[in-house]
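Step one of this worksheet: look at the structure below.
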Amino acid sequence: MSFVSQLALAGRVVRAPFFTASIVPVLVGTAVAWHYAKLFDATLFLLTLIGMIAIHTGANVLNDYFDHLSGADEAQTRPLRPFAGGSRAIQDGIVTASTMLKIGAVALAFGIAIGIYLVWRVGLPLLLIGIGGVFCAYFYTAPPIQLAHRGLGELAVGMGFGVLPVLGTYYVQAHGFDWRALLASLPIALLIAAVLWVNEFPDLESDAQVGKNHLVVRLGKQRAAIVYAFLILGAFVIMAIAVIVSGSPYPLLGWLAMPLGIRAIVALQHHVRNGAFVAPACALTIMMHLTAGVLFALGLAL
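In structure tokens, the structure reads:
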């Protein structure tokens, strides 16, 4: 097998295309620190980004491992890759379940080690954010808590890939907290929650079979599609408020992603009402989150 093929397989196992969920909040938190405090440390930025991606890797791999144990991935016989159904690395024989557990544990431990170093560099309050992030990452599907099974997975993802990393990144750069960083984190939290939300639609039936009762299962497709629209629209409304607070028009660049959000809402409605393929809604939501987050961060940095 060529190096490129091995790299592609590794990327599939860790679900690398979803690393944008880690990159965006780190960019936003860094940009907020620069906008309001004019502080930026490149080394701390890189360490934060690497640590966040490492914890995300651990979360992805351990999620697949625990979904395998619960039977959630086996119950999904028609996975909509790469958006839903997990990496299928265990199901397709790429790696064993025990290997997935080891990969996840090592990645999580590496991310925690970087986090401990950052706490040593910038202060103990960062530890609380780190503990919250690791809790959300590990217990998303891990027993005994299994946040996703209790209808708390969407909140965990919004916190773990929105509020906490933006606040944590801001603290790493500015060595303190600012309510404006919290405000800037909310659109990112809602948009990444929307990514998870729409990706739960293809797995709705199989997840329900194994008791993975996330909010899309609990609400049903029609009501869940309405909530999805509110997540997206709410994110852009809060982003506009953050722009006003910033005193600069440039962060409004994030609104250039709004057409992607509208198209995603329409695509999901077509799926719910007419049985249309849900993949376009999934892809558009990921593109919207990435575009909105990067442009919002760029605007804050200008």
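Residue numbers (our numbering): 107 to 408.
Beta carbons are placed, not taken as given, at the ideal position from N, Cα and C, and that holds for glycine.
Being a predicted model, the structure only gives us computed values, none of them experimental.
Residue i burial status per 10 Å Cβ neighbour count (16 or more: buried)
| i | result |
| --- | --- |
| Arg-121 | buried |
| Val-132 | buried |
| Trp-303 | buried |
| Val-201 | buried |
| Tyr-334 | buried |
| Gln-112 | exposed |
| Tyr-276 | buried |
| Gly-199 | exposed |
| Ser-291 | buried |
| Thr-136 | buried |
| Ala-195 | buried |
| Val-322 | buried |
| Tyr-171 | buried |
| Ser-204 | exposed |
| Glu-311 | exposed |
| Ile-338 | buried |
| Thr-149 | exposed |
| Leu-270 | buried |
| Pro-293 | buried |
| Cys-267 | For clarity, residue 267 is Phe in the given sequence; the question names Cys instead. Classification of Phe-267: buried, given that the 10 Å Cβ count is 16 or more. |
| Phe-109 | exposed |
| Leu-155 | buried |
| Pro-365 | exposed |
| Leu-230 | exposed |
| Pro-308 | buried |
Three-state class that DSSP yields for residue i in the structure shown
| i | result |
| --- | --- |
| Gly-229 | coil |
| Tyr-246 | coil |
| Arg-121 | coil |
| Thr-202 | coil |
| Leu-366 | helix |
| Gln-252 | coil |
| Phe-383 | coil |
| Asn-305 | helix |
| Ser-108 | coil |
| Arg-194 | coil |
| Phe-283 | coil |
| Gly-353 | coil |
| Asp-147 | coil |
| Leu-374 | helix |
| Lys-327 | helix |
| Asn-169 | helix |
| Leu-258 | coil |
| His-162 | helix |
| Leu-115 | helix |
| Leu-408 | coil |
| Lys-208 | helix |
| Val-316 | coil |
| Gly-264 | helix |
| Gly-360 | helix |
| Gly-177 | coil |
With contact counted as at least three CB pairs below 8 Å, one residue from each stretch, are the stretch 367-381 and the stretch 329-346 in contact?
-> yes
Should the stretch 304-322 be regarded as contacting the stretch 343-363, the criterion being three or more beta carbon pairs within less than 8 Å?
-> no
Are three or more beta carbon pairs between the stretch 160-168 and the stretch 112-128 nearer than 8 Å?
-> yes
May I ask you to verify whether the stretch 205-218 touches the stretch 235-251, counting CB pairs closer than 8 Å and requiring at least 3?
-> yes
Could you say if the stretch 280-287 and the stretch 298-312 meet the contact criterion of at least three C-beta pairs nearer than 8 Å?
-> no
Is it a yes or a no for the stretch 368-375 touching the stretch 383-403, going by three-plus beta-carbon pairs under 8 Å?
-> yes
Decide yes or no for the touch test of the stretch 355-363 against the stretch 386-406: beta carbon pairs closer than 8 Å, at least 3 of them.
-> yes
Is it true that the stretch 256-274 meets the stretch 360-371, where meeting means three or more beta-carbon pairs spaced less than 8 Å apart?
-> no
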